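Okay, structure first, notes after.
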Amino acid sequence: MALSVRVCGAARTVTGYCLLFDTGRARFLVDCGMFQGPKTLKSLNWEEFPFNPRDIDAVLLTHAHIDHSGLLPKLRAGGFRGVIHATAATADLCAVMLPDSGHVQEMEVAQLNRRNRRKGRAPVHPIYTVADAAAVIPAFRATPFGRWVEPLPGVRARWWNAGHMLGSASIEIECADGKDAPVRVLVSGDLGPDCSVFHHESEAPGALDHVFLESTYGDEDKPCVDHVERRAKLAAIVQAAAKPDGVLLIPAFAVERTQEICWDLVSLMQAGTIPQVPIFMDSPLAIRATEVFLEHAGALENGSSIAHALRSPLIRPTESGEASRRIAEAEGFHIIIAGSGMCDAGRIRHHLKRWLWSPAATVMLTGYQAEGTLGRLLQEGKREVRIQGETIRVEAHITEIRDFSGHADATELARWLAARGRISGGVFLMHGEAPAMEALAKRLTEGSIAAADQVIMPVLDEGWTLPQGGRPRRQDAKGRRADPARSMRPDWHNQRAALMLAIETATESARDDAAREALLHRLRAVLDER
């Protein structure tokens, strides 16, 4: 049969996952994620979809993270009226995550429009609202692991545990026309590491025609650290940060990462390894997601221990904005966990704005920091950053613990693919920046896991025909939204922020006012040449 796919997101970047499959009789998406990171990349969220939402018959969802599910409300607002198939835990998490995403957009757009009014600029509108998000929730249908479902005529699918987060799955898809053998496709989604303490190891079938494989850490080999060793590292960071007037700031994704960190912190405090201090869970989404985790604790490894820790009075939920602001009144050493994990949005930004200048503060990064994000700048050791238009000197201690990662590393990705056996068609590398994808491609070919002509690193909006038993064929390029290379480097917003910092530094360090005036005169002359 004629099966085709269009790669509508997560092409040479780690966000915006979206695959459009067309069987000739039906069209369906696997994931419909939001683009995150640099502003130029995020601008894709406001553009029209590269397809008509009314023409989409169903969505198969791998998991609830916003970079995989975040544009579902926009899809429905655009006319989609099909069913969204996902695991029960994924559906429950989306029921809290998508409205929260709508709220964040409404709030950020309101702030932006206040600034725009002062500058005489036209107002902008959110990508979608809380009401849009609420409207898409009834479209979800819970799908159990390991059971075939038929979302559309000629299409059947099965969800396999991916070990990445609560409810996460790889999706096996068979497309048939009743005459020829079906085309068998596997979309890995995001795969968890072998040493995850929340989840069982990932599973997936073999005998496949085509595989879409994530590549987030395709260029890294991370040692597998058990939770005892990880807690020892965490304890050392907390002990070093525990100054009488200090704070430990932990930027963390609200779903999975926050719950796992809280489990470790509470366990260490109860064991007497680190001091018992308040742990402020400063995220409405994390608070509501924690309730979902408690409901599904039985599906997790160490479920009873996790549930006990998440109910500890050591954890101080701060749901309202007023409660969040009152954290500034806390006396003595305390810990703040707030989103987002890459520091590019959410409440962590106002905590960073308040504390980054202070040597008494420690910032602990806990996961992947995408190119162009504030988290990446801190990870790279920048001594000055801009937050909400204000320049902040970085005097806080910046540290990192990578053992909370929810993604498999290069060795684990290669081993996962090798376990699928012979693949007759293509191996599409998704959800990775170019260096990671290129390194993983080299590992797969040099290890004889895949042939060189099998490994494909698609670009945004590229289309492919997926035959049964044969190699993919590239389709004619049409309707691409943007140059995909822009997601592979800091964009003009990042460059402008860096230039503003450089101008401030140069003017402040000039020897006298005359030198400052001369510098500004030269800069003005360049601008006047436009």
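The opening residue of the sequence shown carries number 1082 in our numbering; numbering runs sequentially from there. Virtual Cβ for every residue (Gly too), placed ideally from N, Cα, C. Model, not experiment: these values are computed from the prediction.
Please name the residue, chosen from the options, that lies closest to residue i on a Cα-to-Cα basis.
i: Ala1215; options: Leu1510, Leu1179, Leu1608, Phe1414; result: Leu1179
i: Phe1414; options: Arg1428, Gly1470, Thr1443, Ser1277; result: Thr1443
i: Pro1304; options: Gly1402, Ala1599, Asp1275, Gly1183; result: Asp1275
i: Glu1376; options: Leu1174, Asp1138, Pro1356, Phe1334; result: Leu1174
i: Glu1465; options: Thr1492, Ser1486, Trp1436; result: Trp1436
i: Glu1382; options: Trp1229, Ile1342, Gly1244; result: Gly1244
i: Gly1420; options: Gly1513, Phe1130, Leu1580, Leu1446; result: Leu1446
i: His1512; options: Lys1559, Leu1541, Gly1201; result: Leu1541
At which residues does the beta strand (DSSP E) containing residue i begin and terminate?
i: Trp1240; result: 1236-1242
i: Glu1255; result: 1250-1256
i: Trp1127; result: Element bounds for Trp1127: n/a, residue is neither H nor E.
i: Gly1090; result: 1085-1090
i: Ala1223; result: 1221-1223
i: Ser1344; result: Strictly speaking, residue 1344 in this sequence is Trp, with Ser absent from that position. Element bounds for Trp1344: not the beta strand (DSSP E) but the alpha helix (DSSP H), 1338-1351.
i: Val1230; result: 1230-1233
i: Ile1396; result: 1396-1398
By how many angstroms is the C-alpha of residue j removed from the C-alpha of residue i?
i: Phe1161; j: Leu1110; result: 11 angstroms
i: Asp1593; j: Ser1348; result: 56 angstroms
i: Arg1501; j: Leu1294; result: 12 angstroms
i: Gln1186; j: Asp1112; result: 20 angstroms
i: Gln1192; j: Leu1247; result: 33 angstroms
i: Lys1523; j: Phe1509; result: 13 angstroms
i: Ala1285; j: Ala1257; result: 20 angstroms
i: Ala1591; j: Asn1194; result: 36 angstroms
i: Pro1565; j: Pro1553; result: Caution is warranted here: a pLDDT of 46 is assigned to Pro1565, below 50, making its placement in the model unreliable, and no coordinate value can be reported.
i: Val1088; j: Arg1311; result: 37 angstroms
i: Cys1099; j: Ile1416; result: 36 angstroms
i: Leu1329; j: His1432; result: 10 angstroms
i: Glu1189; j: Tyr1209; result: 12 angstroms
i: Ser1568; j: Ala1352; result: Bear in mind that the predicted position of Ser1568 carries a pLDDT of just 44, short of 50, making it unreliable; the figure below should be weighed with that in mind. Cα-Cα distance, rounded: 45 angstroms.
i: Ala1220; j: Ile1331; result: 35 angstroms
i: Arg1603; j: Leu1582; result: 17 angstroms
i: Glu1081; j: Gln1549; result: Not covered by the structure: residue 1081. The range shown for the chain is 1082 to 1611.
i: Val1164; j: Val1217; result: 10 angstroms
i: His1478; j: Trp1497; result: 37 angstroms
i: Ser1182; j: Asp1609; result: 41 angstroms
i: Ala1114; j: Lys1123; result: According to the sequence shown, residue 1114 is Gly rather than Ala. Their Cα atoms are separated by approximately 11 angstroms.
i: His1488; j: Pro1154; result: 26 angstroms
i: Ala1595; j: Arg1467; result: 27 angstroms
For the alpha helix (DSSP H) that contains residue i, what are its first and last residues?
i: Glu1493; result: 1491-1499
i: Phe1361; result: Not the alpha helix (DSSP H): Phe1361 falls in the beta strand (DSSP E), residues 1360-1362.
i: Gly1384; result: 1384-1391
i: Thr1094; result: Per DSSP, Thr1094 belongs to no alpha helix (DSSP H) and is neither H nor E.
i: Thr1143; result: Taken as a continuous stretch (DSSP letters only), Thr1143 belongs to no alpha helix (DSSP H), as it is neither H nor E.
i: Ile1416; result: Run containing Ile1416: none in the alpha helix (DSSP H); it sits in the beta strand (DSSP E), 1415-1419.
i: Leu1156; result: 1153-1158
i: Ile1318; result: 1308-1322
Going by the beta-carbon positions, is the gap between residue i and residue j smaller than 7 angstroms?
i: Gly1299; j: Ala1092; result: no
i: Asp1261; j: Gly1506; result: no
i: Ala1515; j: Gly1118; result: no
i: His1144; j: Gly1259; result: no
i: Thr1171; j: Leu1142; result: yes
i: Leu1395; j: Thr1371; result: no
i: Met1423; j: Thr1472; result: no
i: Arg1428; j: Ser1405; result: yes
i: Ser1486; j: Gly1448; result: yes
i: Met1362; j: Ile1408; result: no
i: Leu1547; j: Leu1233; result: no
i: Asp1490; j: Glu1253; result: no
i: Gly1273; j: His1281; result: no
i: Ile1342; j: Thr1480; result: no
i: Pro1022; j: Leu1156; result: The displayed coordinates of the chain run from 1082 to 1611. Any statement about residue 1022 would go beyond what the structure contains.
i: Ala1367; j: Thr1339; result: yes
i: Leu1106; j: Gly1287; result: According to the sequence provided, residue 1106 is Arg. The question's Leu does not apply to it. No, the Cβ-Cβ distance between Arg1106 and Gly1287 is not below 7 angstroms.
i: Arg1562; j: Pro1263; result: no
i: Val1211; j: Ile1504; result: no
i: Arg1430; j: Val1177; result: no
i: His1166; j: Arg1239; result: no
i: Val1086; j: Trp1545; result: yes
i: Asp1148; j: Thr1096; result: yes
i: Ala1499; j: Ile1530; result: yes
i: Glu1476; j: Pro1440; result: yes
i: Ala1517; j: Ser1296; result: yes
Does residue i have its Cβ less than 7 angstroms from a Cβ in chain D?
i: Glu1255; result: Protein chains in the displayed structure number just one, and chain D is not present.
In chain order, what are the residue ranges of uninterrupted beta strand (DSSP E) at least 3 long that sit wholly in the stretch 1431-1489?
Secondary structure in the stretch 1431-1489: the beta strand (DSSP E) runs of 3 residues or longer, each lying completely within the stretch, are 1442-1446, 1465-1468, 1471-1474, 1478-1481 in chain order.
Please give me, in chain order, every unbroken run of the beta strand (DSSP E) with length at least 3 that falls completely inside the stretch 1273-1306.
1291-1295
Within the stretch 1164-1200, ranges of the alpha helix (DSSP H) (whole runs, at least 4 residues):
With a minimum length of 4 residues, the continuous alpha helix (DSSP H) runs that stay inside the stretch 1164-1200 are 1169-1200.
Taking only runs that begin and end inside the stretch 1521-1606, name each unbroken alpha helix (DSSP H) of 4 or more residues, in chain order.
Secondary structure within the stretch 1521-1606: the alpha helix (DSSP H) runs of 4 or more consecutive residues, fully enclosed, are 1573-1590 (chain order).
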